Amino acid sequence: MTKKILVVLNYMFLTILAVISIYPIFIMFISSFKTTPEIFFNPFNLPKKWNFQNFIKVWNEANFKVYFLNSVLITISSLIILLFCASLAAYALAKFNFKFNNLVFMIFLAGIMIPIRLGIVPLFILMRDLNLLDTRLSLIFTYSASGMPMSVFLFTGFFKTIPSELSDAARVDGCNEFQIFYKIMLPLVRPALATVALVNFVPWWNDFFFPLLFIRSDSLKTIQLGMTIFFGQYMTDWASLFAGMVIASIPMIILYLLMSKQFISGLTAGAVKG
Amino acid sequence: MKKWIQKHPYLFFLLPGVILYGLFMIYPLVSALGYSFFSWDGFIRKEFIGFENFRKVLREYPYKEKFWKALGHNAKFFLTTFILQTTIGLYIAIQLNKEKPVMEFFQAVYFLTYTLSMVVVGFLWLLLLNPNWGAVSQFLSLIGLEKWVAPWLGQESTALNTIILINFWRWFGYPVLVFKAGLQSIPQELNEAAIVDGANKWHLFRYITLPLLKPTIIMVTILTFIWDFNAFELVFVMQGSSGNPHYSTDLLATFFYRTAFGDPTTGAAGGNIGVASAIAVVMLIIIGFASYFGIRIMQKSEIEY
Chain A
1 MTKKILVVLN
11 YMFLTILAVI
21 SIYPIFIMFI
31 SSFKTTPEIF
41 FNPFNLPKKW
51 NFQNFIKVWN
61 EANFKVYFLN
71 SVLITISSLI
81 ILLFCASLAA
91 YALAKFNFKF
101 NNLVFMIFLA
111 GIMIPIRLGI
121 VPLFILMRDL
131 NLLDTRLSLI
141 FTYSASGMPM
151 SVFLFTGFFK
161 TIPSELSDAA
171 RVDGCNEFQI
181 FYKIMLPLVR
191 PALATVALVN
201 FVPWWNDFFF
211 PLLFIRSDSL
221 KTIQLGMTIF
231 FGQYMTDWAS
241 LFAGMVIASI
251 PMIILYLLMS
261 KQFISGLTAG
271 AVKG
Chain B
1001 MKKWIQKHPY
1011 LFFLLPGVIL
1021 YGLFMIYPLV
1031 SALGYSFFSW
1041 DGFIRKEFIG
1051 FENFRKVLRE
1061 YPYKEKFWKA
1071 LGHNAKFFLT
1081 TFILQTTIGL
1091 YIAIQLNKEK
1101 PVMEFFQAVY
1111 FLTYTLSMVV
1121 VGFLWLLLLN
1131 PNWGAVSQFL
1141 SLIGLEKWVA
1151 PWLGQESTAL
1161 NTIILINFWR
1171 WFGYPVLVFK
1181 AGLQSIPQEL
1191 NEAAIVDGAN
1201 KWHLFRYITL
1211 PLLKPTIIMV
1221 TILTFIWDFN
1231 AFELVFVMQG
1241 SSGNPHYSTD
1251 LLATFFYRTA
1261 FGDPTTGAAG
1271 GNIGVASAIA
1281 VVMLIIIGFA
1291 SYFGIRIMQK
1301 SEIEY
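Structure follows, in structure tokens:
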């Protein structure tokens, strides 16, 4: 009997926590379809009429279409550069024996523990001297560089599992080193590509710190930075505020729901041994 | 030349990554150390002044007071998060590790908040906690707890705790996820053998699960420490870069930001690069030491099986 009560209590606890997790997000969604007075006076009910007015307003009037496009452009470009640089470097570290192999690998690994934010002042001055302040490139370089440590770590692990006989055979058949990498190795680590892409995509999309420092022009703002401006301007228009938050969050929520397996394997890869 | 290239093909594979990483990550982090030893005029470097900037941060008004206060807030931030995640979080992970379909649903729900950006989380809770129209206040009134309704973010006594809990709301899916992955890597035979020897549930947890999970717990703790000693966005979007009300939510990162880049809410000028760099170096040292000792302890606690 007591055992049954404990089981019920346990499920109640899990359910309450689930409600605390998801209910605020649910409120955000339903509020984005309401009018502001409706949000004030009926916060918990479903909207009387599901209208997309708020979204249309935020998308066009508040410039969210520009912010959104910038975020897409910046995250995708960063990803292409990162995948290119990290897979090549990891391949060299995993498959070639050379003098400083271990040292280079350790320098890459050290970056997992040290947040790039702590170098923001020199980075800011570097961007200024390179004439990159207030450009998308400043963010693209920062993101792809900060993604290197974890990505090199993940890729190196994957490349090490591929038997060297494969590349030896290709070498005998007359492939050069780059062809071996491109035609044989890269297709074999495709699952790692997806994992690395996801692990980096979310923090970049959600980043606010670097756009805050590097970007001034409204036409170059990312969605997270654009939101803070918008919040100040629409302070009393709660319906628009909620719609803006939904637009900023929905891509990552969908990505997570579609690819939760790769998500989880990427996020736990660094933290769990074995 | 051609021969040399053929002999060292890996150099070409390494080159793009090393340039990118070296220029935009290693160079800024290393030169941040150097910057803190110079006096600055805005963003222009002047002369070498030794430890003067560090002396200012640690010993001189007005930096000293702000620094120690912010450091205390970061420590509280980390400790509260650590305690919550290694008790509630670990308990949840153990529940989720049971092989029932409903547990996968719970896991998906718990993790969802982690995909939200800090800016969205901050603004969402700013609206939800609004004392007049926020859903939380209205809910409390609805169930007869009007007395509890208060401007939690506006009073010095509750603001920091509220921020810490909101951060935990978003973060908590991550430690749960990692703990669960750690639990799954524990071989089931160990538990089975112990049950044959007459161990009860508490014994299993205390003598098998906990010791074998220790490296994972330490790893998550290190990551939590790094993250919490860098926390910035939530306070910045909810309380401004001065950590309102009256610096009660000020963190090292917001203090650093104000000192370097100014305070948009009060209009105070920044540009104190020397002092800001010294703050960043102190943060780097704190994080570096914590990570180093954390990893040492972790390596000692690792068990081969």
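Protein chains in written order, with this note's numbering: chain A, 1 to 274; chain B, 1001 to 1305.
The beta carbon of each residue, even a glycine, is placed where N, CA and C say it ideally should be.
It should be emphasised that the depicted structure is a prediction, and the values quoted were computed from it without experimental measurement.
Alanine 1231(B) - DSSP class collapsed to helix/strand/coil: Taken through DSSP and simplified to helix, strand or coil, alanine 1231(B) comes out as coil.
is_contact[isoleucine 1186(B), chain A] using C-beta, thresh 7 Å: no
With 16 other Cβ atoms within 10 Å as the buried cut-off, status of serine 1141(B): exposed
Chain-order list of residues whose beta-carbon lies under 8 Å from that of arginine 1258(B) (same chain, five-residue window excluded): In the same chain as arginine 1258(B), and ignoring 5 residues on each side of it, the C-beta atoms closer than 8 Å to its own belong to Ser1241, Ser1242, Ala1268 and Gly1270, in chain order.
Closer than 7 Å to chain A by CB, tyrosine 1110(B): Chain A has a Cβ within less than 7 Å of the Cβ of tyrosine 1110(B).
Top-ranked residue by Cα proximity to valine 1030(B), from Ile253(A), Leu193(A), Ile114(A) and Leu225(A): Ile114(A)
Cβ contact (3+ pairs, closer than 8 Å) linking the segment 70 to 87 of chain A and the segment 221 to 237 of chain A: yes
Short-range partners of chain B found in the segment 21 to 38 of chain A, where Cβ spacing is below 7 Å: Ser21, Ile22, Pro24, Ile25, Ile27 and Met28
Chain A within 7 Å of proline 1264(B), Cβ atoms only: no
Contained alpha helix (DSSP H) runs [length at least 4] in the segment 148 to 207 of chain A, N- to C-terminal order: Along the length of the segment 148 to 207 of chain A, whole alpha helix (DSSP H) runs at least 4 residues long occupy 164 to 172 and 190 to 206, reported in chain order.
Any chain A beta carbon closer than 7 Å to methionine 1025(B): yes
Under 8 Å from the C-beta of tyrosine 1063(B): neighbouring residues of chain A: Going along chain A, no residue has its Cβ under 8 Å from tyrosine 1063(B), so there is no contact; the nearest lies around 16 Å.
Contained beta strand (DSSP E) runs [length at least 3] in the segment 1140 to 1228 of chain B, N- to C-terminal order: none
The segment 1028 to 1041 of chain B: positions lying closer than 7 Å to chain A by Cβ: Cβ contacts with chain A: Pro1028, Leu1029, Ser1031, Ala1032 and Tyr1035.
Opening and closing residue of the alpha helix (DSSP H) in which glutamate 1052(B) lies: 1052 to 1059
Closer than 8 Å at the beta carbon, the chain B residues around threonine 142(A): In chain order: Phe1024.
Beta-carbon neighbours of glutamine 1299(B), restricted to chain A and to distances below 8 Å: By Cβ distance, chain A contributes nothing, its closest Cβ being about 10 Å from glutamine 1299(B), past 8 Å.
For tyrosine 11(A) and isoleucine 1208(B), the rounded distance between their alpha carbons: 25 Å
Bounding residues of the beta strand (DSSP E) (the contiguous stretch that carries lysine 1046(B)): 1044 to 1048
The segment 1127 to 1135 of chain B / the segment 1067 to 1086 of chain B touching (three or more Cβ pairs under 8 Å): no
Whole-number beta carbon distance between valine 1057(B) and alanine 89(A), since they are thought to touch under 8 Å: With a Cβ gap of about 37 Å, alanine 89(A) and valine 1057(B) do not count as contacting.
N- and C-terminal bounds of the beta strand (DSSP E) containing phenylalanine 1038(B): 1038 to 1041
Counted within 10 angstroms of its Cβ, other Cβ atoms place methionine 235(A) as buried (16 or more) or exposed: exposed
Pick from Phe1054(B), Ile1026(B), Pro1028(B) and Asp1041(B) that is closest to alanine 1278(B), judged by C-alpha positions: Among Phe1054(B), Ile1026(B), Pro1028(B) and Asp1041(B), the Cα nearest to that of alanine 1278(B) belongs to Phe1054(B).
Three-state class that DSSP yields for alanine 1269(B) in the structure shown: coil
C-alpha distance - isoleucine 107(A) paired with asparagine 45(A), whole-angstrom precision: Approximately 54 Å between the Cα atoms of the pair.
Under 9 Å by beta carbon: chain B residues contacting isoleucine 116(A): Phe1024, Met1025, Pro1028 and Leu1029
Identified DSSP bridge partners for aspartate 1263(B): Ala1268(B)
Range covered by the alpha helix (DSSP H) that runs through aspartate 129(A): 120 to 129
Closer than 8 Å at the beta carbon, the chain E residues around tryptophan 1133(B): In the displayed structure, chain E is absent; the protein chains listed are A and B.
Per-residue contacts from serine 1277(B) into chain A (C-beta, under 8 Å): Val121
Simplified DSSP assignment, three categories, for proline 1131(B): Coil.
Where glutamine 224(A) meets chain B, residues with beta-carbon distance less than 7 Å: Ser1117 and Val1119
Short-range partners of chain B found in the segment 239 to 259 of chain A, where Cβ spacing is below 7 Å: Leu241, Met245, Ala248, Ser249, Met252, Ile253 and Tyr256
Spatial distance of glycine 274(A) from lysine 57(A) (CA atoms): Legend: pLDDT at glycine 274(A) = 38, less than 50; position of this residue unreliable, no value from coordinates given.
Cutoff 7 Å: proline 1322(B) Cβ touching any chain A Cβ: Residue coverage of chain B in this structure runs from 1001 to 1305, which leaves residue 1322(B) outside it and unanswerable.
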